[in-house]
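Mapping of the sequence shown onto the numbering used here: position 424 corresponds to residue 642, and the numbering continues sequentially without gaps. Glycine included, every Cβ here is placed at the ideal spot set by N, Cα and C. All values reported here derive from a predicted model rather than from experimental measurement. Take a look at the structure below.
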Amino acid sequence: MRRIGLAVAAAVLLILVSGAALVLFGPFREGPAGVVRTFLGGGERSPAGGAHGWTAAERGLIASLSIDQLPPLAPDPSNAVGDDPAAVAFGHALFFDSGLSPDGTVSCSSCHVPELYFTDGKVRANVRGADTPRHTPTIVGIGYSDWYYWDGRKDSQWAQALAPQEAAIEHGGNRVAHTLYVLDNYRSQYEALFVRAPDLSDETRFPLNAAPVEDALLRAAWDEMTEADQNTVNHVFADIGKSIAAYSRRILPGRSRFDDYAAAAIANDQGRMGEIFSAEEAAGLRLFIGDGQCTDCHNGPLFTNGTFHNIGLPLPEGSSFDQGRSLGTLKVVDDAFNCLGAFSDAGEEDCVELRFIKMAGDELVGAFKVPGLRNVGNTAPYMHNGIFPDLDAVIRHYNHAPPAFPGHSDLVPLALTVEQSDALKAFLLTLSAAPDAPPELLQAPERGE
Ligand code: HEC
Ligand code: HEC
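Written out as structure tokens, the structure reads:
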């Protein structure tokens, strides 16, 4: 995120400088008499005004949201195979393999459905007759995150990929069973990447089902194992996560209509802007970067600042208060699979986010990760608890911004008119584009790949 921040700052600076040059030397000089312009763009419009007239400062902000500002995905130092094509192919197979569940019914793709931008369209995920506590987020472009899950309780994509496998109402499996399954079914792929494929055939040492989870039987079986044998299993389990992450890192956001508009705005080509966006969509963008204050949190080319905020959402009926980030911090520092842990490939110096994590503070209570907004028109319902069925409901919430309880809401009520709310929604719908990934990665692999 920091690297994106830098790129964004550079883009804003570039635009501001070229904008200022335009003000001094360019067509702005011909503007209508009596228009007062502040140097870095106050509320002034370009001479043409109208739907697509933007100040230099506004064009800088628009540029900072463009996908052209998205840097190539940096390597994940905690995952040595993160960019290895063999790991991508292996992880691709694992992502779609329902063998990673005891009854052969659930894979990652059960909830992260490629056709639904890797979401599931449900209020809260449900594959075993019971709702999970939270709504399924997209994983398109998620490799850019510093933190994973709505509460950021994981600090890498590979560590994240381990948890659903052992969650009783998700895959419902356990690490010994999945390790055995993978070594049985993918031994050559595994050995090509990780060399060591340990011998787990002694059932007195490696019970068929065991994991340090809530389930008493699984935990008892795990506690019976020696620490060395537990480590052996944990290593392979971590390798499974690293391979899955290598695959899902490759699913990147595509170029949306907004990005074409941004390019036209940077060039200040009003004709072109008018071809790409309707006046309503442009008005929505104006609200998004202006009076709507959306870019306070949804900024940069992925439309997220990567941090956590409490926005005072209503609780779903029958559910209790969700602490969000204030528990996520405790969980991530305690996670055996975090960046500083024994199964990470990173050096301590690589784990800056974790080492300098903000652990406590009122603002973390009931705070959740700011989701990116690319493809948001295709990923309803919305929010960590899936409370809003559509974008109209989301915008109504921003208009009212009720106080949070407990915790503090970081929102101020916007009280937009109906026209403004519709415009904002029209703009959000311009952020969709097919994911940028080789087409074969957007579906289950051919058998034997
Ligand atoms: C039962 C449905 C379900 C299955 C199966 C599932 N997930 Fe998820 N996934 C979710 C939900 C729900 C969340 C959000 C949970 C939370 O934040 O507490 C999530 C979150 C994530 C995130 C974090 C996204 C973010 O914004 O931080 C990633 C990455 C992810 N899942 C990948 C996977 C992978 C890889 C697998 C397979 C190993 C998988 N998921 C299996 C439902 C599922
Ligand atoms: C103070 C920071 C902040 C501001 C300002 C803000 N948002 Fe958000 N937004 C968030 C957070 C945090 C979430 C997720 C909240 C949760 O699930 O608990 C979110 C969620 C969303 C979602 C749902 C996305 C999804 O995939 O579920 C949409 C849409 C959205 N915001 C649009 C907007 C718009 C439009 C504006 C401006 C009117 C705006 N936001 C202003 C922080 C902010």
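Selection from the options that minimises the alpha carbon distance to residue i
i, options, result
"Ala-434", "Ala-415, Ala-386, Phe-424", "Ala-386"
"Gln-661", "Ser-325, Thr-635, Ala-292", "Ser-325"
"Ala-292", "Val-341, Gly-359, Leu-642", "Gly-359"
"Pro-656", "Ala-307, Ser-282, Thr-450", "Ala-307"
"Ala-641", "Asn-403, Arg-614, Leu-436", "Arg-614"
"Gly-317", "Leu-283, Thr-354, His-389, Glu-276", "His-389"
"Ser-419", "Pro-430, Leu-436, Ile-605, Val-451", "Val-451"
"Val-299", "Lys-372, Gln-407, Thr-323", "Gln-407"
"Asp-509", "Val-454, Gly-268, Glu-276", "Glu-276"
"Arg-342", "Phe-336, Ala-348, Arg-352, Tyr-335", "Arg-352"
"Gly-625", "Met-577, Asn-596, Ile-529", "Ile-529"
"Pro-621", "Arg-437, Leu-531, Ile-575", "Leu-531"
"Met-601", "Val-331, Thr-354, Asn-344, Ser-319", "Thr-354"
"Leu-436", "Ala-428, Met-443, Glu-442", "Ala-428"
"Arg-473", "Arg-592, Pro-607, Ala-269, Phe-645", "Arg-592"
"Gln-638", "Val-413, Glu-499, Ser-363, Tyr-479", "Glu-499"
"Gly-546", "Phe-412, Trp-368, Gly-267", "Trp-368"
"Leu-411", "Cys-329, Asp-441, Ser-461, Gly-347", "Ser-461"
"Ser-282", "Asp-402, Pro-519, Arg-475", "Pro-519"
"Ala-345", "Cys-329, Leu-659, Asp-610, Phe-336", "Contrary to the premise, residue 345 reads as Val rather than Ala in this sequence. Looking at the Cα atoms, Cys-329 is the closest of the given residues."
"Phe-539", "Ala-564, Asp-373, Val-583", "Val-583"
Three-state secondary structure assigned by DSSP to residue i
i, result
"Ala-485", "coil"
"Val-588", "coil"
"Tyr-404", "coil"
"Thr-337", "strand"
"Phe-526", "strand"
"Lys-372", "strand"
"Gly-390", "coil"
"Phe-476", "helix"
"Phe-606", "strand"
"Val-331", "strand"
"Asp-514", "helix"
"Tyr-616", "helix"
"Phe-246", "Confidence at Phe-246 is low in this model, with a pLDDT of 31, below 50, so its placement is unreliable and the value that follows should be read with caution. DSSP places Phe-246 in helix when its eight states are reduced to three."
"Asp-654", "strand"
"Ala-274", "helix"
"Val-629", "It is worth fixing the name first, because residue 629 is Leu in this sequence and not Val. Correct three-state label for Leu-629: coil."
"Ser-466", "helix"
"Gly-542", "strand"
"Tyr-362", "helix"
"Tyr-399", "helix"
Separation of residue j from residue i, as counted between CA atoms
i, j, result
"Pro-425", "Ala-381", "20 Å"
"Pro-471", "Asp-654", "5 Å"
"Gln-383", "Phe-313", "11 Å"
"Ala-305", "Glu-333", "23 Å"
"Glu-409", "Gln-378", "23 Å"
"Asp-315", "Leu-558", "29 Å"
"Asp-457", "Gly-489", "52 Å"
"Asn-297", "Ala-554", "15 Å"
"Asp-514", "Val-594", "18 Å"
"Leu-572", "Glu-581", "18 Å"
Rounded Cβ spacing between residue i and residue j (contact assumed at less than 8 Å)
i, j, result
"Lys-587", "Trp-365", "6 Å"
"Arg-467", "Gly-361", "4 Å"
"His-516", "Ala-585", "Not quite, the Cβ-Cβ distance comes to about 15 Å (not below 8 Å), so this is no contact."
"Val-630", "Ala-619", "6 Å"
"Ser-319", "Gly-268", "The Cβ separation is near 56 Å, so there is no contact."
Distance cut-off 7 Å: residue i Cβ against heavy atoms of ligand 2
i, result
"Leu-582", "no"
"Phe-506", "yes"
"His-527", "yes"
"Asp-514", "yes"
"Gln-511", "yes"
"Arg-503", "Note that residue 503 is Leu in the sequence shown here, rather than Arg. Flag unset: Cβ of Leu-503 not near ligand 2."
"His-310", "no"
"His-389", "no"
"His-270", "no"
"Asn-649", "Correcting the residue identity first, residue 649 is Leu in this sequence and not Asn. For ligand 2, not one heavy atom lies less than 7 Å from the Cβ of Leu-649."
Residue i Cβ short of 7 Å to ligand 1 heavy atom set
i, result
"Lys-587", "yes"
"His-345", "One detail in the question is off: residue 345 reads as Val in this sequence, not His. Because some heavy atom of ligand 1 lies under 7 Å away, the Cβ of Val-345 counts as near it: yes."
"Tyr-367", "yes"
"Thr-450", "no"
"His-396", "no"
"Cys-329", "yes"
"Ser-363", "yes"
"Phe-313", "yes"
"Ala-379", "yes"
"Thr-350", "yes"
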